[in-house]
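Undergrad: Quick one: the structure is below, questions incoming.
There are 2 protein chains.
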Amino acid sequence: MGVIRGARERARAEVTEAIKDEARTQVLAEGAARLSLRAVARELGMASSALYRYFPSRDDLLTALIVDAYDAVGMAAEQALDKSGPAGTVQEWIAVCQAVRRWALAHPHEYALIYGSPVPGYTAPSDTVGPASRVVLVLFSIAASAHAAGVLEVSTETDVSADGIGPDARQLVRESGHDLPAAAVPGLAAVWAQLFGLLSFEVFGRFDRVVDARDDLFDRAVLDLAHQAGFRP
Amino acid sequence: MGVIRGARERARAEVTEAIKDEARTQVLAEGAARLSLRAVARELGMASSALYRYFPSRDDLLTALIVDAYDAVGMAAEQALDKSGPAGTVQEWIAVCQAVRRWALAHPHEYALIYGSPVPGYTAPSDTVGPASRVVLVLFSIAASAHAAGVLEVSTETDVSADGIGPDARQLVRESGHDLPAAAVPGLAAVWAQLFGLLSFEVFGRFDRVVDARDDLFDRAVLDLAHQAGFRP
DNA sequence: CCAAGAACGAGAGCAGTGCTCTTGCTTCGG
DNA sequence: CCGAAGCAAGAGCACTGCTCTCGTTCTTGG
Numbered sequence: 019m020g021v022i023r024g025a026r027e028r029a030r031a032e033v034t035e036a037i038k039d040e041a042r043t044q045v046l047a048e049g050a051a052r053l054s055l056r057a058v059a060r061e062l063g064m065a066s067s068a069l070y071r072y073f074p075s076r077d078d079l080l081t082a083l084i085v086d087a088y089d090a091v092g093m094a095a096e097q098a099l100d101k102s103g104p105a106g107t108v109q110e111w112i113a114v115c116q117a118v119r120r121w122a123l124a125h126p127h128e129y130a131l132i133y134g135s136p137v138p139g140y141t142a143p144s145d146t147v148g149p150a151s152r153v154v155l156v157l158f159s160i161a162a163s164a165h166a167a168g169v170l171e172v173s174t175e176t177d178v179s180a181d182g183i184g185p186d187a188r189q190l191v192r193e194s195g196h197d198l199p200a201a202a203v204p205g206l207a208a209v210w211a212q213l214f215g216l217l218s219f220e221v222f223g224r225f226d227r228v229v230d231a232r233d234d235l236f237d238r239a240v241l242d243l244a245h246q247a248g249f250r251p
Numbered sequence: 019m020g021v022i023r024g025a026r027e028r029a030r031a032e033v034t035e036a037i038k039d040e041a042r043t044q045v046l047a048e049g050a051a052r053l054s055l056r057a058v059a060r061e062l063g064m065a066s067s068a069l070y071r072y073f074p075s076r077d078d079l080l081t082a083l084i085v086d087a088y089d090a091v092g093m094a095a096e097q098a099l100d101k102s103g104p105a106g107t108v109q110e111w112i113a114v115c116q117a118v119r120r121w122a123l124a125h126p127h128e129y130a131l132i133y134g135s136p137v138p139g140y141t142a143p144s145d146t147v148g149p150a151s152r153v154v155l156v157l158f159s160i161a162a163s164a165h166a167a168g169v170l171e172v173s174t175e176t177d178v179s180a181d182g183i184g185p186d187a188r189q190l191v192r193e194s195g196h197d198l199p200a201a202a203v204p205g206l207a208a209v210w211a212q213l214f215g216l217l218s219f220e221v222f223g224r225f226d227r228v229v230d231a232r233d234d235l236f237d238r239a240v241l242d243l244a245h246q247a248g249f250r251p
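What follows is the structure, encoded as structure tokens:
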């Protein structure tokens, strides 16, 4: 994010943003699969070929949207954690979960973009791993402060222990700067996955006409997950 | 599934199956979004227009694959329940979860087809609700026998109770023929969603380089979910 | 200050897609 | 046996992602 020097770079930044905006409204209206470069260009009054000066391919445009979405949900989680203050581990956990849920329900298509099935041959570019881990870092932060306060119960069983975690998880814990026992990671990952299972079912309409009291259902499950994560209030 | 009368109907059934087979291998190889009617027709040595005699549109072909996938995972779950026999509620639950997981890991693209993000403007046709509920009925069956044995603990709290469940859930419980208290449904739905959260994270590669001991992680989480579902061994 | 060169927009074009329509041919049922 | 229905094939339409070329415009080094 360097300073914009000339008029040309300024124009380029503006056009880039306009393309992303239009693409976002298309994704919002029709879903990611129906995103069309030509339609974006048409709506912006430019030739479709000109768009390739800004994004080398359709997938790159999608990646830009994915990064933005990760940043949005990550920011929502971070703000929820900040606002909840030092209100106890479980309270922080609840606040973050509810913030993520609010964001997901308000932006279903963007949620699908990042937490739905990965697109065809699409393998997440390295640009996305940073923004994607923002929301994981929030979870680490909660768990670390719980650990510091002595209210994090880490499973000492041998089956799921520190040996079972991978290099990316180790690196993320190290870079987070938090004092978090590695043995806590598998449990947190499991809880994390289950949380997004709840969100996916709700966002993708699998609870429609099945469960009406979804707020209560979610709050209850989040409490159970807090217990499962080892947060002892 | 009526009896095939003439040679013509037999040929039609065969061609229909061949189209589905080829489509399945394409989905397996490239994912659902890259499924191309023309490519299927090309591979089968027929004109693309001829394919429309068998499937009115690409979405209908996809729907047929989705129904098959639902049936496959439903059958896997049913067989696991049958084979586990009357071995106790938690054992049955574990067996079914592991069977579903095995199927999901063996058929990632088909899993994405049914439990990933719904395709663009695609709203699930009514053909899919029947096969989709097969696997849910397995869960109901486990819970009902647990209830009969007196080892199902149903939350008596007022927040998530029988009032919060929707018409489809009521109908499914009624049609299942099982004696299952309606108040148990929300908890089961939550546990169900969380199970598929675990599966989705694993199938979609979100645990790659993060958690290595995925078998143990899954088994441990399934046990926690059994507890959360109210299965008291 | 001005010319070389990079960045840019537009258009044509290629190969692919879903889908429709028309044209013949085959098979079935009255 | 003959009309009707089912079927395969081809041409064609509108659309897609993407590439290449050709002028134009802006930036910048000498």
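Top to bottom, those sequences are chains B and D. First residue of the first sequence: 19, per this note's numbering; consecutive thereafter. First residue of the second sequence: 19, per this note's numbering; consecutive thereafter. Note that CB positions come from ideal geometry on N, CA and C, so glycine has one too. Values in this document were obtained by computation on a predicted structure and should not be read as measured data.
If you measure from the beta carbon of S194 (chain D) to each beta carbon in chain B, is any gap under 8 Å?
TA: Answer no: the Cβ-Cβ gap between S194 (chain D) and chain B never drops below 8 Å.
Undergrad: Exposed or buried, which one is D197 (chain B) when buried takes at least 16 other CB atoms within 10 Å?
TA: Counting Cβ neighbours within 10 Å, D197 (chain B) comes out exposed, since fewer than 16 surround it.
Undergrad: Is it a yes or a no for the region 148-163 of chain D touching the region 158-176 of chain B, going by three-plus beta-carbon pairs under 8 Å?
TA: Not touching, per the Cβ criterion.
Undergrad: If the criterion is Cβ atoms closer than 8 Å, does the pair L260 (chain D) and I160 (chain D) meet it?
TA: The structure shown does not extend to residue 260 (chain D), since chain D is modelled only from 19 through 251, so no value can be given for it.
Undergrad: Could you pull out every residue in the same chain whose Cβ sits closer than 8 Å to the Cβ of Y72 (chain D), ignoring the five residues on either side in sequence?
TA: Hits under 8 Å: R30, V33, T34 and I37.
Undergrad: So if DSSP puts F249 (chain B) in a beta bridge, which residue, or which two residues, is it bridged to?
TA: BP columns for F249 (chain B) point to B:L170.
Undergrad: Using a Cβ-Cβ cut-off of 8 Å, state whether G139 (chain B) counts as contacting chain D.
TA: A caution first: G139 (chain B) carries a pLDDT of 47, below 50, which makes its placement in the model unreliable, though a value can still be read off. Yes - at least one Cβ of chain D is within 8 Å of the one on G139 (chain B).
Undergrad: What does I183 (chain B) pair with, by DSSP beta-bridge criteria?
TA: Partner(s): D:V229.
Undergrad: Can you grab the Cα-Cα spacing for the pair Q44 (chain D) / I84 (chain D), in whole Å?
TA: Near 14 Å, if we compare the C-alpha coordinates of I84 (chain D) and Q44 (chain D).
Undergrad: Whole angstroms is fine: what's the gap from G205 (chain D)'s alpha carbon to M64 (chain D)'s?
TA: So the two alpha carbons sit approximately 50 Å from each other.
Undergrad: Could you tell me whether the Cβ of Q44 (chain D) comes closer than 8 Å to any Cβ of chain B?
TA: No, because no Cβ of chain B sits closer than 8 Å to the Cβ of Q44 (chain D).
Undergrad: Below 7 Å on C-beta distance, what does Q246 (chain D) contact in chain B?
TA: Going along chain B in sequence order, the residues near Q246 (chain D) (Cβ under 7 Å) are D242.
Undergrad: With three or more beta-carbon pairs closer than 8 Å as the criterion, would you say the region 213-222 of chain D touches the region 109-126 of chain D?
TA: The region 213-222 of chain D, when compared against the region 109-126 of chain D, does touch it at the 8 Å Cβ threshold.
Undergrad: Quick check on the burial criterion: 16 or more other C-beta atoms within 10 angstroms. Buried or exposed for V147 (chain D)?
TA: Answer is exposed; the Cβ neighbour count stays below 16.
Undergrad: What's the call for D242 (chain B), buried or exposed, on a 16-neighbour Cβ count within 10 Å?
TA: The residue in question, D242 (chain B), is buried, as its Cβ has 16 or more Cβ neighbours within 10 Å.
Undergrad: With 8 Å set as the bound, which would you pick, yes or no: does the beta-carbon of F225 (chain D) sit closer than that to a beta-carbon of chain B?
TA: At least one chain B Cβ lies under 8 Å of F225 (chain D).
Undergrad: Distance, Cα to Cα, A202 (chain B) vs G215 (chain B)?
TA: Computed Cα separation, rounded: 20 Å.
Undergrad: Is it right to say S151 (chain B) is buried, meaning 16 or more other beta carbons lie within 10 angstroms of its own, or is it exposed?
TA: Classification of S151 (chain B): buried, given that the 10 Å Cβ count is 16 or more.
Undergrad: Cβ of P251 (chain D) less than 8 Å from any chain B Cβ?
TA: So, not an interface residue.
Undergrad: From this set, B:E110, B:R232, B:Q212 and B:L69, which residue's C-alpha is nearest R250 (chain B)'s C-alpha?
TA: With distances taken between Cα atoms, R250 (chain B) lies closest to B:E110.
Undergrad: By DSSP, does S151 (chain B) sit in helix, in strand, or in coil?
TA: DSSP places S151 (chain B) in helix when its eight states are reduced to three.
Undergrad: Which residues mark the beginning and the end of the alpha helix (DSSP H) in which R120 (chain D) is found?
TA: Note, R120 (chain D): alpha helix (DSSP H), T107 to A124.
Undergrad: Quick one: what's got a C-beta closer than 7 Å to A41 (chain B)'s C-beta in the same chain, skipping five residues either side?
TA: Contacts found: L53, V58, L79 and L83.
Undergrad: Would you grab the beta carbon distance between G248 (chain B) and E171 (chain B) for me? Rounded to a whole angstrom, and I think it's under 8 Å.
TA: Contact holds; Cβ gap of about 4 Å.
Undergrad: Would you please verify whether the beta carbon of Q116 (chain D) is less than 8 Å from any beta carbon of chain B?
TA: Chain B contact via Cβ: absent.
Undergrad: With A51 (chain B) and A51 (chain D) assumed to form a contact (beta carbons below 8 Å), what rounded beta-carbon distance in angstroms separates them?
TA: Confirmed, Cβ separation roughly 6 Å.
Undergrad: Cβ of A208 (chain D) within 8 Å of Cβ of A211 (chain B)?
TA: In this structure, A211 (chain B) does not lie closer than 8 Å to A208 (chain D) by Cβ.
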